[in-house]
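To start, the structure under review is shown below, and the notes come after it.
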Amino acid sequence: MRPAPAVKAPLRLPAMPLHDPWIVADRASGTYHLFTRNERRMTGDARLGIMAYTSRDLKHWSRPHMVFALPPGGWANDGAWAPEVHRWQGRWYLFATFYNDAMPLPVAGARKPVRRSTILAVADRPGGPFALVRNGEPIVNRSIMTLDGTLFVDAKGKPWLVYAHEWVQVGDGTIEAMPLKDDLSAAGPPRLLFRASDAPWAKGDKQPDGTSNYVTDGPELFRTRTGTLLMLWSSYDQNGYVQSLARSKSGGIEGPWEQLPPLVRADSGHGMLFRRFDGTLMMVLHRPFNNARGKLYEMRDTGDSIEVVREATELDGERTTVR
Numbered sequence: 004m005r006p007a008p009a010v011k012a013p014l015r016l017p018a019m020p021l022h023d024p025w026i027v028a029d030r031a032s033g034t035y036h037l038f039t040r041n042e043r044r045m046t047g048d049a050r051l052g053i054m055a056y057t058s059r060d061l062k063h064w065s066r067p068h069m070v071f072a073l074p075p076g077g078w079a080n081d082g083a084w085a086p087e088v089h090r091w092q093g094r095w096y097l098f099a100t101f102y103n104d105a106m107p108l109p110v111a112g113a114r115k116p117v118r119r120s121t122i123l124a125v126a127d128r129p130g131g132p133f134a135l136v137r138n139g140e141p142i143v144n145r146s147i148m149t150l151d152g153t154l155f156v157d158a159k160g161k162p163w164l165v166y167a168h169e170w171v172q173v174g175d176g177t178i179e180a181m182p183l184k185d186d187l188s189a190a191g192p193p194r195l196l197f198r199a200s201d202a203p204w205a206k207g208d209k210q211p212d213g214t215s216n217y218v219t220d221g222p223e224l225f226r227t228r229t230g231t232l233l234m235l236w237s238s239y240d241q242n243g244y245v246q247s248l249a250r251s252k253s254g255g256i257e258g259p260w261e262q263l264p265p266l267v268r269a270d271s272g273h274g275m276l277f278r279r280f281d282g283t284l285m286m287v288l289h290r291p292f293n294n295a296r297g298k299l300y301e302m303r304d305t306g307d308s309i310e311v312v313r314e315a316t317e318l319d320g321e322r323t324t325v326r
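Note that the working numbering has the sequence shown beginning at 4, numbered continuously upward.
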């Protein structure tokens with residue numbers, strides 16, 4: 004008897020390690036690419052880098068494969084957080100956060116920041132393989148402790164890097180934006196967009212000196228059908244990690260930004276938006292924060308905002324909707 008053929012897409016989301024998920028819906032190939040930090044137990048590859056699952060239907064997923072491995076000899080030795088893949092000028096660019104705890108930055112009170120930054124890699128296809136850009140040098144000045152960089156292209160076609168400036172360095176974490184050149188290198192100084200404490204629901208971690216530390220995490224930009232500019236981002240409320248939303252009053256990246264109520268609570272966050280091949284607006288995020296798994300939500304574009312329609316439990320295996 005012949006052995007049964009291998010199943011090409013044997014995995015479901017509950018069995019897939021998945022922190023900081025990012026999905027590219029590649030219409031040309033009819034494939035969804037789901038990126039996250041490499042896990043040796045899933046790929047069999049011990050290198051530090053990024054892996055990707057693939058699917059045709061968002062329900063059945065392939066075993067992941069490495070799409071980027073950080074070459075040895077650079078400044079970073081850990082991380083591979085928050086991988087994002089964006090199409091820019093005909094190529095696919097991977098943005099990911101790396102760090103090195105053995106490279107301290109100047110002490111900020113009781114906090115001890117280290118080198119942490121978003122770096123770039125590039126490929127001709129969304130599934131990689133990706134090659135390092137500029138030898139892995141950070142996009143933002145190396146003296147600034149940042150993470151979770153995302154690409155935003157404004158109404159004039161100009162690229163920006165939007166990222167979280169770590170609370171470890173500034174106390175009250177911020178979201179900042181930096182203009183880029185066409186080669187995605189810095190074109191000017193960063194602009195402050197908002198602080199984590201601007202959100203009325205945000206809960207800080209009280210310090211002995213009376214100050215509070217506030218986290219910013221996972222920015223991603225989305226323009227609605229009426230042109231409203233929104234930003235998904237995450238932080239903590241009194242009950243834990245949340246997926247939140249901000250809105251630009253000007254419609255531009257420099258704001259000013261107003262904070263809207265969180266979209267999903269219950270230890271959920273670092274979400275991003277994409278469209279299914281049938282046009283449905285979707286959000287993927289991770290829950291819980293530790294030992295994270297991917298959760299999928301059907302969303303509605305209301306013009307001036309977005310809202311959750313339902314959790315797609317038929318895809319993500321969650322038995323009950325969590326809000």
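Each residue gets a CB set at the ideal place from its N, CA and C atoms; glycine is no exception.
Simplified DSSP assignment, three categories, for ASP185: In the sequence shown, residue 185 corresponds to position 182, counting from 1. Here ASP185 sits in coil by DSSP.
Residue closest to ALA134, alpha-carbon to alpha-carbon, out of MET69, VAL156, ALA113, LEU284: Walking along the sequence shown from the start, residue 134 turns up at place 131. Checking every option, the nearest Cα to that of ALA134 belongs to MET69.
Check whether ARG118 and PRO107 have beta carbons under 9 Å apart: Within the sequence shown, residue 118 is the residue found at index 115, counting from 1. Within the sequence shown, residue 107 is the residue found at index 104, counting from 1. Contact flag set, yes.
Element boundaries [alpha helix (DSSP H), containing THR316]: Within the sequence shown, the letter at position 313 stands for residue 316. Counting along the chain, the alpha helix (DSSP H) containing THR316 begins and ends at 316-319.
Buried versus exposed call for LEU21 [16 or more other C-beta atoms within 10 Å across all chains shown]: Numbered from its first residue, the sequence shown carries residue 21 at position 18. The residue is buried, with at least 16 neighbouring Cβ atoms inside 10 Å.
Span separating the alpha-carbon of THR231 from that of MET181: Along the sequence shown, one-based indexing puts residue 231 at 228. Along the sequence shown, one-based indexing puts residue 181 at 178. Near 20 Å, if we compare the C-alpha coordinates of MET181 and THR231.
Sequence ranges, alpha helix (DSSP H) only - wholly within the stretch 11-80, length at least 4: 43-46
Buried or exposed by the 16-neighbour rule on C-beta atoms within 10 Å, applied to LEU123: One-based indexing of the sequence shown puts residue 123 at position 120. By the 10 Å Cβ count, LEU123 comes out buried.
As assigned by DSSP and simplified to three states, the class of VAL312: For the purposes of this step, residue 312 is taken as residue 309 along the sequence shown, with counting starting at 1. VAL312 falls in the strand class under three-state DSSP.
Limits of the beta strand (DSSP E) - the one that GLN262 falls within: Numbered from 1 along the sequence shown, position 259 holds the residue referred to as residue 262. Residues 260-267.
DSSP-derived helix/strand/coil call for TRP163: Position 160 of the sequence shown, counted from the start, is the residue given in the question as residue 163. If DSSP states are grouped into helix, strand and coil, TRP163 belongs with the strands.
Length of the line joining the Cα atoms of VAL136 and ARG279: As a working note, residue 136 is residue 133 in the sequence shown. As a working note, residue 279 is residue 276 in the sequence shown. Approximately 30 Å, taken between the alpha carbons.
Beta-carbon gap between ASN103 and TRP78 smaller than 9 Å: What you label residue 103 is simply residue 100 of the sequence shown in a count that begins at 1. What you label residue 78 is simply residue 75 of the sequence shown in a count that begins at 1. Yes, these two residues count as a Cβ contact at 9 Å.
Run of the beta strand (DSSP E) containing GLN246, from where it starts to where it stops: Within the sequence shown, numbered from 1, the residue matching residue 246 stands at position 243. Residues 243-251.
Alpha-carbon spacing of ASP23 relative to TRP170, whole angstroms: Taking the first residue of the sequence shown as 1, we reach residue 23 at position 20. Taking the first residue of the sequence shown as 1, we reach residue 170 at position 167. Answer to the nearest angstrom: the Cα atoms are 18 Å apart.
At least 3 beta-carbon pairs within less than 8 Å: the stretch 12-20 vs the stretch 44-63: yes
Per DSSP, cross-strand counterpart(s) of GLU223: Position 220 of the sequence shown holds residue 223. GLU223 pairs with LEU235.
Sequence-distant residues of the same chain with beta carbon closer than 6 Å to PHE197, five excluded per side: Along the sequence shown, read from residue 1 onward, the residue named residue 197 stands at position 194. Contacts found: ILE178, TRP260.
Selected residue, minimal CA-CA separation from LEU235, among ASP319, PRO132, LEU288, GLY213: Residue mapping note: residue 235 aligns to position 232 of the sequence shown, counting from 1. When only C-alpha atoms are compared, the closest one is LEU288.
Through-space distance from GLY47 to VAL88, alpha-carbon basis: As a working note, residue 88 is residue 85 in the sequence shown. As a working note, residue 47 is residue 44 in the sequence shown. Spanning the two alpha carbons is a distance of roughly 23 Å.
ASP201 in three-state terms, based on DSSP: Residue mapping note: residue 201 aligns to position 198 of the sequence shown, counting from 1. DSSP places ASP201 in helix when its eight states are reduced to three.
Where GLY272 sits in the DSSP three-state scheme: Indexing the sequence shown from 1 puts residue 272 at position 269. Of the three classes helix, strand and coil, the one that applies to GLY272 here is strand, per DSSP.
Nearest to SER120 (by Cα), restricted to the options ASP127, GLY131, GLY82, ALA126: Along the sequence shown, read from residue 1 onward, the residue named residue 120 stands at position 117. It is GLY82 whose Cα lies nearest to the Cα of SER120.
Closest residue to PRO222 among PHE155, ASN293, THR214, ASN216 (Cα-Cα distance): For the purposes of this step, residue 222 is identified with residue 219 of the sequence shown, where counting begins at 1. It is PHE155.
Residue interval of the beta strand (DSSP E) (run including VAL117): Reading the sequence shown from its first residue, position 114 is the one you call residue 117. Its beta strand (DSSP E) spans residues 117-126.
Environment of GLY255 [buried if 16+ CB atoms lie within 10 Å]: Counting from one through the sequence shown, the residue named residue 255 turns up at place 252. That one is exposed.
GLY297 (DSSP reduced to helix, strand or coil): Along the sequence shown, read from residue 1 onward, the residue named residue 297 stands at position 294. Here GLY297 sits in strand by DSSP.
Exposure of GLY93, with buried meaning 16 or more beta-carbon neighbours within 10 Å: The residue given as residue 93 occupies position 90 in the sequence shown. By the neighbour-count rule (16 or more Cβ atoms within 10 Å), GLY93 is not buried but exposed.
Three-state secondary structure (DSSP) of VAL173: Position 170 of the sequence shown, counted from the first residue, corresponds to residue 173. DSSP places VAL173 in helix when its eight states are reduced to three.
Cβ-based burial, PRO100 [other Cβ within 10 Å; buried from 16]: The sequence position of residue 100 within the sequence shown is 97, counting from 1. The sequence given here places Thr at residue 100; Pro does not occur at that position. Buried: at least 16 other Cβ atoms inside 10 Å.
Span separating the alpha-carbon of ALA49 from that of ALA126: Locating residue 49 in the sequence shown gives position 46, counting from the first residue. Locating residue 126 in the sequence shown gives position 123, counting from the first residue. Roughly 22 Å separates the two Cα atoms.
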